[in-house]
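Chains as they are written, first to last, in this note's numbering: chain A, 1191 to 1410; chain B, 1191 to 1410. C-beta: ideal position from N, C-alpha, C; glycine also. Notes to accompany the following structure.
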């Protein structure tokens, strides 16, 4: 059975999934890279980017890496919000923007990009971006069809994850709480009162200072 | 040197220190007892209340208890907000309310109760409640004087802790994040952007599901 999984959704201790003022130069707004600092030294990230340099060697292999490595295991398609694909808002002014990831994006699979503004499908390396205006359950149906029997990853951002949680479509939710107070930005937890009634929750603190939360949907 | 310490401040994963709708019957509002569930089975709590019954024996001795037990070590006075003392709001209609704790409150020390509404000092068992309308630094000066060389505990609630953090008067902050989403109530983290710049932060997950955060003020 295909499950819908969220991995590595980083949240500040005060509940913000991104900072304020997102732009091309600052995709996380005033949060800058602080929400992903735990991720950068992991073997999973280092081996993905090929940044095997002296400062990190081949990367750490601790609990942060164990969680980071799970991200792409058994995934056949991704769903992401339009704000994850790029910093533009409103109608596409031109179609030259091909995502943040260069000519070989790390997805290697179909990616459903949720947007109210239509645009032709886009192939970049082994990744195909499908731009669609769909409610959560229809987006999941499309991604499931594209995933060829594997799982679907819900790639964020925070608003998209919140929408799918509210629609009760998420089976696995991995949240990383980073011990910083952003004060402003996009709240992850709003409108989700009582979420714990539907999930088993496990918390694991890491020596890096973050806490990994795993929410596992209870059998329906 | 006297330090100002916060212990056992329980916060939901979405950042609420109490629920909505506090009253005499529901001191934590719709959160009910869920924020303190981790605390009740600890040896520290069981031995404090004398509730050594069959269901809990003499209480647990794990990480939750280690943190709970630190609460009263070396404390000579407490500062609390008026809402922790009682459910009344506005001027004291009468003075028959003597706190939630019966005739032997667990403080055994002077307690400065911050309130805009005056009331004579009140002795209950070994505890003396001093009702004062003071800004944070003056309240701390009074409590320090009362503490006789020991530390001062800042007992909450959330608003009071936030005020003292904003005034940069807190040396030790122990927060317990409970894996529930309350959705509404009193936010603990508001207005504290960048708090981590002033503190070293340590997170420890407990088998009970909560995460203990310890903020230690960096040397000034």
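Going along chain A in order, which residues have a C-beta closer than 7 Å to the C-beta of residue i?
i, result
"residue 1411 of chain B", "Absent from the model: residue 1411 of chain B. The displayed extent of chain B is 1191 to 1410, so no value can be given."
Less than 8 Å between C-beta atoms, sequence neighbours within five positions excluded: which residues of the same chain meet that for residue i?
i, result
"residue 1388 of chain B", "1358, 1407 and 1408"
"residue 1304 of chain B", "1269, 1270, 1271, 1272, 1322, 1323, 1324, 1329 and 1350"
"residue 1248 of chain B", "1233, 1236, 1237 and 1242"
"residue 1334 of chain A", "1192, 1267 and 1342"
Report the three-state DSSP secondary structure of residue i (helix, strand or coil).
i, result
"residue 1362 of chain B", "strand"
"residue 1191 of chain A", "coil"
"residue 1218 of chain A", "coil"
"residue 1232 of chain A", "strand"
"residue 1352 of chain A", "helix"
"residue 1253 of chain A", "helix"
"residue 1210 of chain B", "coil"
"residue 1267 of chain A", "strand"
"residue 1313 of chain B", "strand"
"residue 1261 of chain B", "coil"
"residue 1297 of chain A", "coil"
"residue 1318 of chain B", "strand"
"residue 1197 of chain B", "strand"
"residue 1248 of chain B", "coil"
"residue 1239 of chain A", "helix"
"residue 1279 of chain A", "coil"
"residue 1383 of chain B", "coil"
"residue 1388 of chain A", "coil"
"residue 1304 of chain A", "strand"
"residue 1285 of chain A", "coil"
"residue 1410 of chain A", "coil"
"residue 1223 of chain B", "coil"
"residue 1393 of chain A", "strand"
"residue 1372 of chain B", "coil"
"residue 1178 of chain B", "Coverage of chain B is limited to positions 1191 through 1410, which leaves residue 1178 of chain B absent and any answer about it impossible."
Spatial neighbours of residue i within its chain, please: C-beta separation below 6 Å, excluding the five flanking residues on both sides.
i, result
"residue 1316 of chain A", "1298"
"residue 1354 of chain B", "1326, 1344 and 1360"
"residue 1363 of chain B", "1196 and 1405"
"residue 1314 of chain A", "1288 and 1295"
"residue 1307 of chain B", "1281 and 1282"
Pop quiz: residue i and residue j are said to be a contact at Cβ under 8 Å. What is the actual Cβ separation, rounded to whole angstroms?
i, j, result
"residue 1260 of chain A", "residue 1197 of chain A", "6 Å"
"residue 1383 of chain B", "residue 1372 of chain A", "6 Å"
"residue 1369 of chain A", "residue 1386 of chain B", "6 Å"
"residue 1217 of chain B", "residue 1277 of chain B", "7 Å"
"residue 1174 of chain A", "residue 1342 of chain A", "The structure shown has nothing for residue 1174 of chain A, since chain A only spans 1191 to 1410."
"residue 1228 of chain A", "residue 1366 of chain A", "6 Å"
"residue 1219 of chain B", "residue 1346 of chain B", "Not confirmed; about 14 Å, so no contact."
I want to verify the contact list: residues of chain B whose CB lies under 7 Å from the CB of residue i, in sequence order.
i, result
"residue 1391 of chain A", "1369 and 1399"
"residue 1291 of chain A", "The contacting residues do not exist; residue 1291 of chain A stays about 30 Å from chain B at best."
Evaluate residue i with the Cβ neighbour count: other Cβ atoms within 10 Å of its Cβ, from every protein chain shown; 16 or more gives buried, anything less gives exposed.
i, result
"residue 1290 of chain B", "exposed"
"residue 1402 of chain A", "buried"
"residue 1331 of chain B", "exposed"
"residue 1156 of chain B", "Residue 1156 of chain B falls outside the range modelled here, since chain B spans only 1191 to 1410, and no answer is possible."
"residue 1212 of chain A", "buried"
"residue 1348 of chain B", "buried"
"residue 1199 of chain A", "buried"
"residue 1223 of chain B", "exposed"
"residue 1160 of chain A", "Coverage of chain A is limited to positions 1191 through 1410, which leaves residue 1160 of chain A absent and any answer about it impossible."
"residue 1397 of chain B", "exposed"
"residue 1194 of chain B", "buried"
"residue 1254 of chain B", "buried"
"residue 1264 of chain A", "exposed"
"residue 1207 of chain A", "buried"
"residue 1281 of chain B", "exposed"
"residue 1214 of chain A", "exposed"
"residue 1310 of chain B", "exposed"
By the criterion of Cβ-Cβ separation under 9 Å, what are the contact partners of residue i in chain A?
i, result
"residue 1384 of chain B", "1370, 1371, 1372 and 1373"
Report all residues from its chain with a CB closer than 7 Å to the CB of residue i; omit the five preceding and five following residues, and keep chain order.
i, result
"residue 1395 of chain A", "1401"
"residue 1381 of chain B", "1352 and 1356"
"residue 1205 of chain A", "1377, 1378 and 1379"
"residue 1226 of chain B", "1200"
Give the residues of chain B in contact with residue i, contact being defined as C-beta atoms less than 8 Å apart.
i, result
"residue 1395 of chain A", "1393, 1394, 1395 and 1401"
Just to check, is the beta-carbon of residue i closer than 7 Å to a non-hydrogen atom of the ligand HEM?
i, result
"residue 1283 of chain A", "Ligands are entirely absent from the displayed structure, and the ligand HEM is therefore not among its contents."
Looking at chain D, is there any beta carbon in it that lies within less than 8 Å of the beta carbon of residue i?
i, result
"residue 1228 of chain A", "No chain D is present in this structure, whose protein chains are A and B."
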